[in-house]
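>
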Amino acid sequence: MTNMILALIGLLSFGSSDSTSPSVHGQSQRWEFNNLAGWTDASQNMNGTINYVIQNDTLRMYTRRGTWDRPKVKTVDSNYTSGTYTWRVYVPEMGKGDRSSIGAFLYQDDTHELDFETGYGTKKIREELGAVKDDIVVYMTSQAYPFQSIPQKIKREQWHTFSIRLEDNQGKYLASWYIDGRPAVQLPLGFGPETHFAIFCSVENLKFIGDHIAKQDNYALFDYVEYKND
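If you're matching positions, the sequence shown starts at 640 in the numbering used here and goes up one per residue.
(1) Which term fits P661, buried or exposed, when burial requires 16 or more other beta carbons within 10 angstroms of its beta carbon?
(2) Buried or exposed: which applies to H664, given that a residue is buried once 16 or more other Cβ atoms fall within 10 Å of its Cβ?
(3) With 16 other CB atoms within 10 Å as the buried threshold, where does P822 fall?
(4) Would you mind working out which of L745, E796, I689 and Y701 sits nearest L845, comparing C-alpha positions?
(5) How should R669 be labelled, buried or exposed, when 16 other C-beta atoms within 10 angstroms of its C-beta is the threshold for buried?
(6) Does the distance between the C-beta of T720 and the nearest non-hydrogen atom of the ligand FAD fall short of 7 Å?
(7) Just checking, does the segment 801-808 make contact with the segment 699-714 on the three C-beta pairs under 8 Å criterion?
(8) Can you tell me whether F861 is helix, strand or coil according to DSSP?
(9) May I ask you to report which of helix, strand or coil DSSP gives E833?
(10) What does DSSP give as the partner residue(s) for F847 in the beta ladder?
(11) Could you give the first and the last residue of the continuous beta strand (DSSP E) run that contains L768?
(12) According to DSSP, what are the bridge partners of A743?
(13) Taking the Cβ atom as the reference point for each residue, do Y724 and Y863 lie within a distance shorter than 8 Å?
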């Protein structure tokens, strides 16, 4: 009888683990943003102010001019590993030269972070890319192991899909960035599936992405976020 009880406890424990670790156990997920179920606040520099709202079945996030606002949300679950991550984002006309960034990224810690960071861009970077008036700059970045940050221009005032695919390549991740379904950057990483991520959405006033503190309020709309275990 004791052995039967122990076996039953083991089965129940396995079932519980499966339901709380979707990426590890192979469950794909999609968040449509008619609410924030499954997400939690991860903002910085906000002093309790909430700069995001569900609006017309999208997540609207924004920063205020003249501040270093960093509103962010992340998934409650932080067990995401190999698979494809997609954000559908409306990129508006952002303030010229403003240090304001739309973030779609995966994060464990400051050295295990993979990003799309979209903003107006510095004058220097825009000139290097040959950006014209209706272009915005998107950076595809690995923060470490190794560090790499590749800028590319895209059109503003449009919906874009940003995807990061992580493949297990002999125990290390092979990371691929896609913009609107087209391959953009690929990078072998120095870490693998032992590193789990949370999924983030943000609009942050950050120094690297412009020439001056934001002179206008800036925003983005997130239509959905999707994880596929493929």
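Glycine included, every Cβ here is placed at the ideal spot set by N, Cα and C. As the structure is a prediction and not an experimental result, all values here were calculated from the model.
If we stick to the structure as given:
(1) Position 22 of the sequence shown, counted from the first residue, corresponds to residue 661. Caution applies to P661, whose pLDDT of 43 falls short of 50 and renders its modelled position unreliable; the model cannot decide the point.
(2) In the sequence shown, counting from the first residue as 1, residue 664 sits at position 25. For H664, the predicted model reports a pLDDT of 44, less than 50, meaning its position is unreliable; a value from the coordinates is still stated below. Per the 10 Å Cβ criterion, exposed.
(3) Mapped onto the sequence shown, residue 822 falls at position 183. Answer is exposed; the Cβ neighbour count stays below 16.
(4) For the purposes of this step, residue 845 is taken as residue 206 along the sequence shown, with counting starting at 1. Minimum Cα distance to L845 is reached at Y701.
(5) The residue labelled residue 669 in the question sits at position 30 within the sequence shown. Exposed is the call here.
(6) Of ligands this structure carries none, so the ligand FAD is not represented either.
(7) no
(8) Sequence index remark: in the sequence shown, residue 861 carries index 222 (1-based). Note: F861 maps to strand in three-state DSSP.
(9) Counted from its first residue, the sequence shown places residue 833 at position 194. Of the three classes helix, strand and coil, the one that applies to E833 here is coil, per DSSP.
(10) Along the sequence shown, one-based indexing puts residue 847 at 208. Paired residue(s): none; F847 is not in a bridge.
(11) Numbered from 1 along the sequence shown, position 129 holds the residue referred to as residue 768. It is not in any beta strand (DSSP E) - L768 instead sits in the alpha helix (DSSP H) that spans K762 to L768.
(12) Here residue 743 is taken as the residue at index 104 of the sequence shown, counted from 1. A743 pairs with F755 and C840.
(13) Within the sequence shown, the letter at position 85 stands for residue 724. Within the sequence shown, the letter at position 224 stands for residue 863. Taking 8 Å as the Cβ cut-off, Y724 and Y863 do not qualify as a contacting pair.
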